[in-house]
Amino acid sequence: MKSYLVAVALCIVLAAGCAHKPAVVSDPAPSAATPPAQQVMAAKAEQTPALSPDVSAKAVSGNLDDYQDVEDSDKGREAEKVAIADPLEPFNRAMYHFNDKLYFWVLKPVAQGYSKVVPESARVGVSNFYTNLSFPIRFVNSLLQANFAGAASELGRFIINTVWGIGGIMDPASSNEINLSKQTVDFGQTLGVYGVGQGFYIHWPLLGPSSPRDTLGTVGDIFLYPSIYFGPWYVWAGSRVYERVNDTSLQTGDYETMKEAAIDPYVAVRDAYFQYRLKIIKHKGGPPPPGVKGLLEND
Amino acid sequence: MRRPFNALLTILIILLFSLPAHAGVPMDTVQANVNKVLDVLRDPKLKGESAKEIKKKKLRVIYEQMFDDVELGKRTLARNWNSLTVPQRQEFVILFRQVLEKAYIDRILAYTNEKIVYERETMISGTQAEIQTKVVTSSKEIPITYKVILKNGSWKVYDVVVENVSLVLNYRTQFNDILAKNNPEQLLEILRKKVKGQ
Amino acid sequence: MYNTKTLKVMVISILIMLTIQGTAVASGPFGPPQPVSRPAGGLHTGFGYWLQEDKLKNSNEEYISRQQQIYSEMGYGFKKNWDLYARVGLSGLKLFDAFSPTTTATTTSKNDFSENWKFFTTLGAKGFYPVRPAFGIGAFVQGTYYFSDFTDNTTGTRNGAPFTIELGMKNLWDVSAGIGFQATIPWGINLYIGPYLYYGEAKVSPSANISGLALTTGETTLKNNTVFGGFAGIDAPLSRGFRLQIEGKYADRLSGGAAITYAY
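Rendered as structure tokens:
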């Protein structure tokens with residue numbers, strides 16, 4: 001599934017004590033932005049307040065001059081001031097809220113119980129196994145993007161990890177000696193590389209952040225995921241749920257940190273998703289996707 | 300006669316052999332600052348709950364040396380920065396730093412010896428560079444890129460890109476959305492409340 | 498220590514080995530005496546191919562067998578120079594002239610028994626003692642068991658009357674033990690050679706008794722002809738943590754194979 005930016009939750013200086021795969025998101029969040037506004041208006045007396053007492057009295061060093069549309073280092077490359085359109089915002093926020101509750105009430109407790117019983121090395125092995133299993137998705141999509149070096153790398157990873165990695169449980173292909181890199185590709189990204197635009201933002205319950213293009217991509221990738229061919233649909237569904245619980249158990253804390261760091265977690269998730277998708281498409285080459293506001297405008 | 304020549308040779312040798320061929324000043328600066336942080340985190344004398352406050356104080360000092368708060372603040376607000384008065388800008392920068400500290404300090408303090416690999420330095424211009432690093436945990440590698448700018452003779456970080464997501468841009472979108480419906484003073488109040496923990 | 502009888506047996510075995518064609522059911526390579534796993538302990542995995550030729554003998558006849566195997570191996574070194582390993586693989590079995598009639602009254606549509614793709618497993622342990630930096634001695638013990646039976650059938654005529662007969666080879670297993678002498682040459686290549694002892698057997702179970710077909714007279718047991726053989730091999734490092742092993746064994750017939758292992 002898609003990997004995200006729960007890693008934005010990763011610290012500024014170090015990714016300390018943390019994370020494992022970038023989270024698959026069932027990221028939720030309550031909407032924080034709108035209510036405070038009214039309360040703030042009511043409470044506020046001064047127009048230009050002096051520094052509030054709880055703020056550090058330390059002076060801010062640096063130039064507080066006006067902001068200019070500076071030569072940002074990313075100018076000329078895509079995506080500086082870009083944002084994804086969000087016409088379904090009320091629906092999306094509701095779904096985000098649902099996912100947030102789902103995470104805290106269901107997914108996280110289950111994952112924590114699971115991680116108490118199962119040691120980390122075993123859970124990492126399970127994670128490796130599932131990553132290995134999704135080889136067809138990465139292989140086929142690399143080919144579709146004419147990324148033959150990437151496809152070869154994926155094939156090498158699959159063979160080495162399956163034959164010498166105990167069926168994919170170990171991941172020797174990622175070791176420094178062998179160093180075959182995993183390609184960050186999926187069908188939604190392939191469509192993006194072909195020039196299909198993001199469209200607009202959809203936040204699905206359970207699945208998390210997406211867009212029309214990426215939803216189509218997710219559906220397409222389902223057919224490349226082996227477990228769907230082994231038995232009835234609930235085998236596949238059960239397997240995906242287990243995979244999600246296992247992944248969450250390796251990343252507990254990331255989502256909480258992200259929420260803590262964000263002023264408006266819903267927007268933070270949306271933007272992170274958007275930046276991430278844009279970057280992984282860009283890195284595979286291909287024209288910049290249309291339908292993205294303000295592309296190439298600098299800020 | 301011989302002495303000045305020897306001295307010159309020594310200086311020349313020192314100059315030639317102490318400059319790393321591949322890493323420039325920007326990467327060295329980042330590396331030095333990160334190493335300072337790691338020193339604090341690994342300090343055996345600062346173990347335990349009571350030492351947490353001391354560690355936080357030390358880390359704040361390093362943070363100030365490493366990051367350019369104002370640049371960070373400016374870039375997250377972007378054009379909206381201009382609709383803040385100077386005292387508001389000042390308060391914003393301080394509040395923003397506190398928000399970041401509150402959110403990330405526990406994760407940073409939880410560091411347990413993950414390896415940090417400094418991969419590449421790319422000069423964007425004479426005064427801007429990007430340092431690509433990687434944090435290697437037990438199950439994953441996390442790419443972190445520091446964007447640095449040269450100001451007053453020292454290189455400071457003004458953005459951090461983790462897993463392809465820029466911190467500055469992520470906050471910029473959030474602030475844009477908030478300021479579309481609120482005025483700057485309300486934004487500051489939101490930040491104050493967040494810092495206080497509401 | 499050894500009584501004269503044992504000595505005699507061993508000498509005779511060597512002579513037999515040199516003169517008569519004998520076979521063993523010993524499966525798979527023994528591998529180098531020095532464990533593949535990293536010295537401080539650790540996991541190694543491998544994948545290999547082996548061609549085994551044996552002579553199997555029951556009380557009356559001898560048959561030449563050929564097995565082709567592919568297998569996956571996993572091993573763990575608990576301490577420096579001690580290794581436990583396990584293999585799972587698929588094997589085919591061909592028994593030459595199993596269906597060859599001994600009288601002219603009987604004809605068969607084919608002579609050889611053949612079936613493929615049966616699972617087997619091998620468990621083994623080995624230890625190594627370094628004598629010099631470039632020289633050492635190891636010992637191993639290994640056993641193999643086949644999970645399924647091999648069966649094959651043939652049609653034929655007996656005095657003009659057609660028949661169909663099925664032959665089953667059941668409960669194949671073997672054990673081996675041996676010692677290896679290892680020398681390390683430059684580039685990290687290990688050469689090894691040594692003798693081994695083994696015993697293996699298979700039960701033959703015919704579905705009917707057809708006179709003229711020797712193996713159908715009843716349930717018999719085929720065993721290996723010789724208890725003693727020799728093995729030799731090369732274990733060389735490839736790039737990036739992989740190693741290549743090539744090994745040969747000789748008891749009555751030559752067997753050999755190769756494997757690629759990876760040490761974590």
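Protein chains in written order, with the numbering used here: chain A, 1 to 299; chain B, 300 to 497; chain C, 498 to 761.
A virtual CB, placed ideally from N, CA and C, is assigned to each residue, including glycine.
Treat the numbers as computed from the prediction; the structure is a model and nothing was measured.
Residues of chain A with a Cβ closer than 8 Å to the Cβ of S569 (chain C) are, in chain order, V163. Between S175 (chain A) and chain B, the shortest Cβ-Cβ separation is not below 9 Å. As the crow flies, the alpha-carbon of D214 (chain A) is around 14 Å from that of K279 (chain A).
Straight-line spacing of the CA atoms in L88 (chain A) and L468 (chain B) works out to 22 Å. When 8 Å is used as the limit between beta carbons, M170 (chain A) is near these residues of chain C: L540, T542 and Y761, in chain order. The way I'd put it, the region 442-458 of chain B does touch the region 355-366 of chain B; three or more beta-carbon pairs between them come closer than 8 Å.
Using a Cβ-Cβ cut-off of 9 Å, V360 (chain B) is close to nothing in chain A; its nearest Cβ partner there is about 11 Å away.
For chain A, the residues of the region 721-742 of chain C that bring a beta carbon within less than 9 Å of one of its beta carbons are S736, R737, G738 and F739, in chain order. Looking at the backbone, the Cα of T257 (chain A) and that of V494 (chain B) are separated by about 14 Å. Considering only A:Q145, A:N63, A:I84 and A:G167, the residue with the shortest C-alpha distance to Q198 (chain A) is A:I84. Against chain B, the CB of I159 (chain A) has no partner CB under 9 Å away; the residue lies outside that interface. Secondary structure note for P265 (chain A): its alpha helix (DSSP H) is the uninterrupted segment P265 to H283. No Cβ-Cβ contact shorter than 9 Å links G691 (chain C) with K623 (chain C).
Residues are counted here when their Cβ sits less than 7 Å from a Cβ of chain A; for the region 328-339 of chain B these are V333 and V336, given in chain order. Annotated as proximal: D66 (chain A) and N381 (chain B), with beta-carbon spacing under 9 Å.
Scanning the region 518-582 of chain C for uninterrupted alpha helix (DSSP H) segments of 4 residues or longer gives nothing; none is fully contained.
Around the beta-carbon of I682 (chain C), fewer than 16 other beta-carbon atoms lie within 10 Å, marking it exposed. Taking a Cβ-Cβ threshold of 8 Å, the residues of chain A close to V398 (chain B) are A261 and I263, in chain order. For L383 (chain B), the closest of B:G496, B:F474 and B:K492 by C-alpha to C-alpha distance is B:F474.
Residue range L751 to A760 is occupied by the beta strand (DSSP E) that includes A756 (chain C), with no alpha helix (DSSP H) assigned at that position. Counting only residues of its own chain and dropping the five nearest sequence neighbours on each side, L540 (chain C) has a CB closer than 6 Å to the CB of Y573 and Y761. The bridge partners DSSP lists for N650 (chain C) are C:E663. As summarised for the region 188-230 of chain A, the continuous beta strand (DSSP E) elements at least 3 residues long and confined to that stretch are 202-204 and 208-210, given in chain order.
By the neighbour-count criterion, in which 16 or more other beta carbons inside 10 Å mark a residue as buried, V339 (chain B) falls on the buried side. Contact note: A350 (chain B) does not reach chain A at a C-beta cutoff of 7 Å; the least C-beta distance is about 16 Å. Contact with chain C is found for I178 (chain A), since one of that chain's Cβ atoms lies less than 9 Å from the residue's Cβ.
T131 (chain A) and K450 (chain B) have their C-alpha atoms roughly 44 Å apart. Think of a sphere of 7 Å around the beta carbon of I166 (chain A): the chain C residues whose beta carbon falls inside it are T542 and M571, in chain order. Taken in chain order, the members of the region 465-480 of chain B whose beta-carbon sits within less than 8 Å of a beta-carbon on chain A are S465, L466, L468, N469, Y470, R471, T472, Q473, F474, N475, D476, I477 and K480.
Our two residues, F637 (chain C) and A729 (chain C), have alpha carbons roughly 14 Å apart in a direct line. E418 (chain B) is positioned such that its CB atom lies no closer than 9 Å to that of R359 (chain B). Beyond the five residues adjoining it in sequence on each side, L712 (chain C) comes within less than 7 Å, by CB distance, of A595, L664, V701 and P703 in the same chain, given in chain order. Not flagged as an interface residue toward chain B: T248 (chain A), since no C-beta distance is shorter than 9 Å. For E698 (chain C), there is no enclosing alpha helix (DSSP H); the residue is found in the beta strand (DSSP E) stretching over I686 to P703. A residue is called buried once 16 or more other Cβ atoms fall within 10 Å of its Cβ, and M95 (chain A) is buried on that count.
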